[in-house]
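Peer 1:
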Amino acid sequence: IQNLSYTVKKTLPFLSKLKYLDKYYSPDVDDGEILQFKNQDDVSMTEKLKEMQRFFGLQETGKADAETLAVMKKPRCGVPDLQPFILTEGNLKWPRNNITYRIVNYTPDLQKSEVDQAIQKAFSVWSKASTLTFKRLSSGVADIMISFKRGDHGDNSPFYGPNEILAHAFPPGDRDGGDIHFDEDELWTMKGRNLFLVAAHEIGHSLGLAHSNDQGALMYPTYSYIEPHLFQLPQDDINGIQTIYGKTDTPAKGPQTPNACDPHLSFDAVATLRGETIFFKGRYFWRKHPEFSVEFYFISHFWPQLSSGIQAAYENFYKDQMYFFKGNKYWVLNDFNLLPGYPQPIYRLGFPKYVKKIDAAFSDLQSGKTYFFVGDKFWRYDEIKQSMDIGYPQKIAQHFKGIGPKIDAAIYENGYIYFFKGAKVVQFDLNSSRVVPPTRRSNSFLNC
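Throughout the sequence shown, residue numbering follows UniProt numbering, covering 1 to 448 in sequence.
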């Protein structure tokens with residue numbers, strides 16, 4: 001998949017790298033000032049690069065390597081990242097829980113009603129998780145003034161055009177306190193550059209939240225798209241807003257971001273993809289490339305048709321396609337594109353109708369066979385003939401001795417099958433038909 005490439009197509013100019021570090025890791029420096037580094041190896045720049053890499057979970061090289069530059073190029077919020085805490089410095093908050101807002105002007109990219117709806121929905125994200133209430137004003141001065149601006153708009157935090165800083169907000173306080181500015185040079189839509197998602201993030205700042213280094217949090221600095229109707233405020237953000245303004249009578253619960261190095265971590269599905277390995281968990285996935293650090297994404301960021309809950313997946317090497325399984329249906333995608341006519345019921349592949357879900361799957365390029373695991377049995381599918389092999393299902397224990405039932409995921413690499421079972425992974429030698437000790441933790445694949 002071209003968009004799943006680690007290649008940085010355009011190297012950021014040195015000046016841009018300095019601006020990035022100045023803006024997000026030196027908040028006391030005005031936007032127009034540039035730190036006077038003597039060269040790219042300057043100690044100050046090295047330390048700031050390490051600080052940035054630490055925040056984003058990158059390898060702390062202190063160098064502007066390809067992965068660091070790729071993060072710098074991502075569209076993001078204009079608020080600094082310097083303090084990786086839940087709260088803003090000084091615990092700034094509104095002195096009351098009844099807060100007003102006003103939409104000062106509108107973007108021509110959307111209808112006014114669409115803007116109103118997106119902003120209202122963004123505020124409701126926070127009111128549902130806290131004791132806060134929000135009232136919209138049609139005139140006068142509100143606590144949170146919302147406007148669309150472009151370029152240098154007089155607040156020492158200019159915008160630089162599309163695909164850079166999407167918006168910024170000020171923490172609670174007088175004058176500009178709480179105000180939100182969206183970059184009018186962005187193309188605001190209900191899909192790609194989604195106004196609701198960006199607004200919900202910026203409102204978090206307006207209420208006193210800083211950026212979070214939890215990659216699944218709404219308050220993570222870089223922008224990730226998720227279908228708005230599927231959005232749930234993550235637990236990290238709920239904890240933050242309730243720390244400032246108090247808990248609701250009914251406990252609010254949101255999705256937890258999985259920790260790659262949690263010793264109890266298990267995977268929903270694992271698949272190879274053009275030399276990478278993809279590990280699915282809930283609504284997220286990790287992607288591992290042999291030459292780069294592990295990266296973490298929302299599933300919907302690349303495959304919006306799927307969003308969460310993938311139970312099995314495999315790569316069809318012959319067609320350069322990915323097969324995803326959820327319940328009794330399966331999806332076939334080429335790059336980001338869902339093929340016409342999908343999803344389809346899994347019985348179209350030859351499963352009996354009593355099979356309601358697939359536990360795990362992997363494909364063997366050399367034999368052209370794909371193995372499907374269901375409970376204590378497995379089926380074998382011929383990718384060339386596009387039909388199930390005769391004589392299946394068969395018992396897993398009979399052909400994969402030492403593995404047992406309840407397989408969560410499986411991949412085939414270099415003559416070995418890796419069976420993921422809970423927090424453990426078992427290596428199986430297909431040639432000798434035996435388990436290769438020792439059993440490892442599943443997340444050992446994520447360098448943990």
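Positions of the beta carbon are idealized from the N, C-alpha and C atoms, including for glycine.
Bear in mind the structure is a predicted one, so any value in this text is a computation, not a measurement.
1. Can the beta-carbon of R287 be found closer than 7 Å to that of I278?
2. Sorted by chain position, which residues of the same chain lie with C-beta nearer than 6 Å to Q40's C-beta, five sequence neighbours on each side aside?
3. Exposed or buried, what is G309 when buried is set at 16 or more other beta-carbons lying within 10 Å of its beta-carbon?
4. Taking N447 as the reference, give the member of P290, K149, G404, F324 with the closest Cα.
5. Can you tell me whether I390 is buried or exposed, with buried defined as 16 or more other CB within 10 angstroms of its CB?
6. Taking 8 Å as the cut-off, does the region 113–132 touch the region 93–104 (at least 3 CB pairs, one atom from each stretch)?
7. Rounding to the nearest angstrom, what Cα-Cα distance links L87 and A252 in this structure?
8. Between which residues of its own chain and K38 is the CB-CB distance below 6 Å, once the five residues before and five after are set aside?
9. Given this structure, state the Cα-to-Cα distance separating T61 from S307, to the nearest angstrom.
10. Along the chain, where does the alpha helix (DSSP H) that runs through I396 open and close?
11. Expressed to the nearest angstrom, what Euclidean distance is found between the alpha-carbon atoms of residue 453 and S442?
12. Specify the secondary structure class of D31 as computed by DSSP and reduced to three states.
13. Pick from A397, P108, P263, I411: whose alpha carbon is nearest that of residue 453?
14. Going by C-alpha to C-alpha distance, which of Y347, I417, G422 sits closest to residue 449?
15. Apply the 10 Å Cβ neighbour rule to D249 and answer buried if 16 or more other Cβ atoms are within range, or exposed otherwise.
16. Going by DSSP, what residue range makes up the alpha helix (DSSP H) through N239?
17. Whole angstroms is fine: what's the gap from D174's alpha carbon to R102's?
18. Using the beta-carbon count (16 or more within 10 Å), is S157 buried or exposed?
19. Is it the case that the Cβ atoms of W331 and P345 are separated by a distance below 7 Å?
20. Can you tell me where the beta strand (DSSP E) holding A331 begins and where it ends?
21. Alpha carbon to alpha carbon, what distance is there between W303 and F324?
22. Please state if the CB of P263 and the CB of K281 are separated by a distance shorter than 7 Å.
23. Which residues bound the beta strand (DSSP E) around Q321?
24. On the CB-based measure, 16 or more other CB atoms within 10 Å of its CB, does residue 452 come out buried or exposed?
25. Measure the C-alpha to C-alpha separation of Y225 and F159 and round it to an integer number of angstroms.
Peer 2: Let me lay it out:
1. yes
2. Note that Q40 scores a pLDDT of 44, beneath 50, so its modelled location is shaky; the value from the coordinates is reported in the next line. No residues qualify anywhere along the chain.
3. exposed
4. P290
5. exposed
6. yes
7. At L87 the pLDDT is 47, less than 50, meaning the model places this residue with poor confidence; the figure from the coordinates comes in the next sentence. Answer to the nearest angstrom: the Cα atoms are 19 Å apart.
8. Its pLDDT being 40, under 50, K38 is placed unreliably by the model, and the measurement read from it follows with that caveat. If we look at K38 and ignore the five residues flanking it on each side, it has no Cβ neighbours.
9. 33 Å
10. 396–399
11. Within the shown structure, residues of the chain are numbered from 1 to 448, placing residue 453 beyond reach of any answer.
12. The pLDDT assigned to D31 is 42, lower than 50, so where the model puts this residue is not dependable; a value taken from the coordinates is nonetheless given after this. Coil.
13. In the structure displayed, the chain extends from 1 to 448; residue 453 sits before or after that span and is not available.
14. Given a span of 1 to 448 for the chain in the structure shown, any question on residue 449 remains unanswerable.
15. exposed
16. 235–245
17. 15 Å
18. buried
19. no
20. For clarity, residue 331 is Trp in the given sequence; the question names Ala instead. First-last of the beta strand (DSSP E) with W331: 329–334.
21. 10 Å
22. no
23. 321–326
24. With the chain represented from 1 up to 448, any question about residue 452 goes unanswered, as that position is not in the structure.
25. 21 Å
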